[in-house]
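Written below as structure tokens is the structure these notes are about.
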Amino acid sequence: MSLPSEPTAYVALGANLGDRAAQLRAAAEELERLAPVAARSRIYACPAVGGPPGQPDYLNAVVALRAGAWLGREEALLAELLGIEARLGRLRRERWGPRLIDLDLLDVAGAVRLGGPLRLPHPRLEERAFVLAPLLDVAPAWRHPLTGRRAVDALRRLDDAPERSAESW
Numbered sequence: 165m166s167l168p169s170e171p172t173a174y175v176a177l178g179a180n181l182g183d184r185a186a187q188l189r190a191a192a193e194e195l196e197r198l199a200p201v202a203a204r205s206r207i208y209a210c211p212a213v214g215g216p217p218g219q220p221d222y223l224n225a226v227v228a229l230r231a232g233a234w235l236g237r238e239e240a241l242l243a244e245l246l247g248i249e250a251r252l253g254r255l256r257r258e259r260w261g262p263r264l265i266d267l268d269l270l271d272v273a274g275a276v277r278l279g280g281p282l283r284l285p286h287p288r289l290e291e292r293a294f295v296l297a298p299l300l301d302v303a304p305a306w307r308h309p310l311t312g313r314r315a316v317d318a319l320r321r322l323d324d325a326p327e328r329s330a331e332s333w
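165 is the number of the first residue of the sequence shown in the working numbering; add one for each residue after it.
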């Protein structure tokens, strides 16, 4: 799949409560209101990582947005993602706890932000197979803006590759 040369933002989506696939679809529709969706990954089923034991499995995906209008406004884009989470019923009760929806801003056209509430690229991106596998679906040549490491190489280093889900968009 080739993406347009327009600047791209990558957003990770995850849900492990309620109708998980419906939550991902609703979040993707909300993202479409922010910027045109260039691509959607397949949906992956993944066990919960970290947080309290006994959580339900997650469904995870990545959406690529045409982000030209958000360049230099990455903090505003993050605020919009938090607003989508709130509208879809996300309650922030415990770190890495179960959730109806989780949206993480992974990368915005290679921008680097190391301080403040927004950190780009996402600081744990290379440690999470449940992010890297769907990211590869939409951006097979993606490289980490700081390390230069390819997403495919980062995924190979991990032992917990997620499974594709039977769920679809």
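For glycine and all other residues, C-beta sits at the position ideal for the given N, C-alpha and C.
Taking only the alpha-carbon atoms, compute the straight-line gap between Val227 and Gly215 and give it to the nearest angstrom.
Locating residue 227 in the sequence shown gives position 63, where the first residue counts as 1. Locating residue 215 in the sequence shown gives position 51, where the first residue counts as 1. Answer to the nearest angstrom: the Cα atoms are 24 Å apart.
Confirm, please, whether the CB-CB distance from Pro262 to Ala293 is below 8 Å.
To locate residue 293, count along the sequence shown from 1; it is residue 129. To locate residue 262, count along the sequence shown from 1; it is residue 98. No.
Give the secondary structure of Gly247 by DSSP, where H, G and I count as helix, E and B as strand, and everything else as coil.
Stepping through the sequence shown from its first residue, residue 247 is reached at position 83. Looking at Gly247 - three-state DSSP - the assignment turns out to be helix.
If the criterion is Cβ atoms closer than 8 Å, does the pair Gly232 and Glu170 meet it?
Against the sequence shown, residue 232 aligns to sequence position 68. Against the sequence shown, residue 170 aligns to sequence position 6. Yes. Within cutoff.
Apply the 10 Å Cβ neighbour rule to Ile265 and answer buried if 16 or more other Cβ atoms are within range, or exposed otherwise.
Taking the sequence shown and counting its residues from 1, one reaches residue 265 at position 101. Flag for Ile265 reads buried.
In whole angstroms, give me the CA-to-CA distance for Val272 and Asp221.
Here residue 272 is taken as the residue at index 108 of the sequence shown, counted from 1. Here residue 221 is taken as the residue at index 57 of the sequence shown, counted from 1. Cα to Cα, the separation comes out at about 28 Å.
Express the C-alpha separation of Glu194 and Glu238 in angstroms, rounding to a whole number.
Reading the sequence shown from its first residue, position 74 is the one you call residue 238. Reading the sequence shown from its first residue, position 30 is the one you call residue 194. About 17 Å.
Quick check on Val302: does DSSP put it in helix, strand or coil?
The residue given as residue 302 occupies position 138 in the sequence shown. Here Val302 sits in helix by DSSP.
I need the straight-line Cα distance from Ala199 to Ile248, nearest angstrom please.
In the sequence shown, the residue the question calls residue 199 occupies position 35. In the sequence shown, the residue the question calls residue 248 occupies position 84. Each residue's alpha carbon lies about 13 Å from the other.
Compare the C-alpha of Ala190 against each of Arg277, Gln219, Arg328, Ala250 and name the closest.
As a working mapping, residue 190 is identified with position 26 in the sequence shown. When only C-alpha atoms are compared, the closest one is Ala250.
Please report the straight-line C-alpha distance between Arg256 and Leu278, rounded to a whole angstrom.
Residue mapping note: residue 256 aligns to position 92 of the sequence shown, counting from 1. Residue mapping note: residue 278 aligns to position 114 of the sequence shown, counting from 1. The straight-line gap from Cα to Cα measures roughly 23 Å.
In angstroms, rounded to a whole number, what distance separates the CA positions of Leu188 and Leu252?
Locating residue 188 in the sequence shown gives position 24, where the first residue counts as 1. Locating residue 252 in the sequence shown gives position 88, where the first residue counts as 1. About 10 Å.
Measuring only the C-alpha atoms, how far is Ala275 from Asp317?
Position 111 of the sequence shown, counted from the first residue, corresponds to residue 275. Position 153 of the sequence shown, counted from the first residue, corresponds to residue 317. Cα-Cα distance, rounded: 21 Å.
Buried or exposed: which applies to Glu290, given that a residue is buried once 16 or more other Cβ atoms fall within 10 Å of its Cβ?
Locating residue 290 in the sequence shown gives position 126, counting from the first residue. Its Cβ being crowded by 16 or more others within 10 Å, Glu290 is buried.
Counting contacts by CB-CB distance shorter than 8 Å, is Leu270 in contact with chain B?
Absent from the structure: chain B. Only one protein chain is present.
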